Amino acid sequence: MEPLLALTRPVPPTIARCELTHISREPIDVDIAVRQHEEYEAMLRALGCIVTQLDGAPDRPDSVFIEDTAVVLDECAVITRPGAPSRRGETEVVEDALRRHRRVVHIDAPDTLDGGDVLRVGRRLWVGLSSRSTEDGAAQLRALLHPFGYGVDTTTVRDCLHLKSAVSTLPDGRLLLNPRMVDASAFPGTPTIEVDSGEPWAANVLCVGDMVICPSAAPRTRRILDSLGYGTAGVDASELAKAEGGLTCCSLLLDASA
Ligand code: CIR
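The following block contains the structure:
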């Protein structure tokens, strides 16, 4: 397998002023958040990724959550128009970096789409219609990706920020899903595995090759995956979770050879 390139951005000193939608504000210890982010990057390196940290944006509290700024496929990179106005200035640095690897296309105003709302299984994508991503944003994505043979459907989510807070793709194409946040029937023909019911934020896992990186706050869900034969690893991202971010949010993974 060609090594994956993992684009990240540093934790900004202003992260405590991040956007919050479904959780209450708690103090965030920036030093701990930085350390956890370093451990996250170290895990990606240990799994064979080439980690490239892009320039920081100290005045953009959510800029560490790079996933929301782009949807990267082998054929192109779609630069999003994030739903939160405070986050729209995050895309420029990411676009500059992605231009070196992909043809770049855009979601245009007035519609919005966050990368965290885009779930992919092979050539099928689902967009979560959330407080950040609109039906028209999803329609733009559909039109942009249709020429490459991708299909784009939409679904609704409950009580969480993004579709990928509720469901993520496992290495074999099955979905890890929290049924309280999204209905399995939204993904016809795609087998699903439920998170442990006591671990509401366990569905956001990051896959690198055959490995599934789980948040250490979700040990029971990790054991479910272990028992089903998945290779798993754990990362503590508890301080970043106070900013409503999960594991997928902190990187954009791309095959640099594509
Ligand atoms: C936000 O509300 O935009 C950030 N505080 C958290 C973004 C997390 N991103 C993601 O789930 N893809």
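Heads up: the sequence shown runs through residues 26 to 283, numbered per my numbering.
Where a beta carbon is used, it is the ideal one built from N, C-alpha and C, also for glycine.
As the structure is a prediction and not an experimental result, all values here were calculated from the model.
Per-residue burial, residue i [other beta carbons within 10 Å of its own, 16 or more giving buried]
i    : result
A31  : buried
I104 : buried
H187 : buried
G162 : buried
A71  : exposed
E342 : Here the chain comprises residues numbered 26 to 283, so residue 342 is not present and cannot be evaluated.
E66  : buried
R124 : exposed
G271 : buried
Beta-ladder partner(s) of residue i, from DSSP
i    : result
H131 : I104
M206 : BP columns for M206 are empty, so no partner.
C239 : G259
A163 : The partner list for A163 (beta bridge, DSSP) is empty, contrary to what the question assumes.
G176 : R149
I75  : L30
T217 : L200
V230 : V230 is not bridged to any residue.
T194 : L200
Nearest candidate by alpha-carbon position, reference residue i, set the options
i    : options                : result
G141 : L150, R124, K267       : L150
S193 : V237, R125, Q78        : V237
P172 : Q78, L195, R148        : R148
V143 : R106, E115, E44, P240  : R106
L195 : G174, A227, V119       : A227
P204 : I218, Y255, A266, P213 : I218
D287 : P225, G153, A243, D161 : In the structure as shown, the chain begins at 26 and stops at 283. Residue 287 is therefore absent and cannot be evaluated.
E160 : P213, D178, R145       : D178
A299 : G214, D221, L166, R167 : In the structure displayed, the chain extends from 26 to 283; residue 299 sits before or after that span and is not available.
K189 : L154, V89, L123        : L154
L170 : L250, V182, V129       : V129
L202 : I249, I132, G234       : I249
T110 : D121, V118, L98, R85   : Sequence inspection shows Pro at residue 110; the Thr mentioned does not correspond to that position. Among D121, V118, L98, R85, the Cα nearest to that of P110 belongs to R85.
R295 : G256, S241, S158, R199 : Residue numbering for the chain in the displayed model covers 26 to 283; residue 295 lies beyond these limits and cannot be assessed.
D121 : V89, S158, D80, T137   : D80
E117 : A95, D136, C275        : A95
G234 : D208, L279, E115       : L279
L253 : D208, D197, E44        : D197
C185 : A164, A283, S158, Q165 : S158
A209 : V230, N229, P225, T180 : T180
Any non-hydrogen atom of ligand 1 closer than 7 Å to residue i Cβ
i    : result
C43  : yes
T46  : yes
G141 : yes
L186 : yes
D84  : no
F90  : yes
C25  : The chain is shown from 26 up to 283; residue 25 falls before or after that span and cannot be answered.
A243 : no
S190 : yes
R149 : no
D221 : no
A109 : yes
R112 : yes
D23  : What the structure shows of the chain is the stretch from 26 to 283, and residue 23 is not part of that stretch, so it cannot be assessed.
G271 : yes
A268 : yes
S87  : The sequence shown places Asp at residue 87, rather than the Ser named in the question. It does: the Cβ of D87 is within 7 Å (strictly closer) of some heavy atom of ligand 1.
Own chain residues within Cβ distance below 6 Å of residue i, not counting five before or after
i    : result
R112 : D87
D93  : P107, D139, G140, G141
F90  : G270, C274
Contacting residues, own chain, Cβ-Cβ under 8 Å from residue i (five flanking each side not counted)
i    : result
A281 : E27, P28, L29, L30, I75, H126
Q61  : V260, D261, A262, S263, E264, L265
G223 : R245
V55  : V36, P38, I40, A41
Neighbourhood of residue i by C-beta distance below 7 Å, restricted to the same chain and skipping five residues each side
i    : result
E100 : F173
A58  : V36, I40, E264, L265
S156 : T46, G108
G48  : The identity of residue 48 in the sequence shown is Ile, whereas the question assumes Gly. Counting only Cβ-Cβ distances below 7 Å, and skipping sequence neighbours, we find E269.
Any non-hydrogen atom of ligand 3 closer than 7 Å to residue i Cβ
i    : result
E224 : Inclusion of ligand 3 in the displayed structure is not the case, the ligand content consisting of ligand 1 alone.
CB contact check: residue i to chain D, cutoff 8 Å
i    : result
V207 : Structure shown: chain D not included; a single protein chain is present.
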